[in-house]
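Trainee: Going by the working numbering, the sequence shown opens with residue 260, and the numbers climb by one from there. Backbone N, C-alpha and C fix where the C-beta goes; we use that ideal spot for every residue, glycine too. Quick one: the structure is below, and I'll ask about it shortly.
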Amino acid sequence: MLKKIKTTLWLYLDDLLLIAGGACLSRAAALVHPALGWGAAGAFLVWYGLLVARADAGRWRK
260 MLKKIKTTLW LYLDDLLLIA GGACLSRAAA LVHPALGWGA AGAFLVWYGL
310 LVARADAGRW RK
């Protein structure tokens, strides 16, 4: 039970870090050009989602 709680907490922490990373990237891109802000954050979220999905697929295959 404790292991499941730890895993859940790590997943929430990972999500929070992902949101913070996307927001920072959005702000940095918006400084270059206002139209780039949310597009850069969206691209980052898609890239990170694909990376996590690929890592999870490899973990479950074993």
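(1) Pull up the distance between the alpha-carbon of Tyr271 and that of Lys265, whole angstroms please.
(2) Alpha carbon to alpha carbon, how far is Val305 from Ala312? Give it in angstroms, no decimals.
(3) Give me the Cα-Cα distance between Phe303 and Leu310, rounded to the nearest whole angstrom.
Mentor: According to the data block:
(1) Approximately 10 Å, taken between the alpha carbons.
(2) Note on geometry: alpha-carbon atoms of Ala312 and Val305 lie some 10 Å from one another.
(3) A straight line joining the alpha-carbon of Phe303 with that of Leu310 spans about 10 Å.
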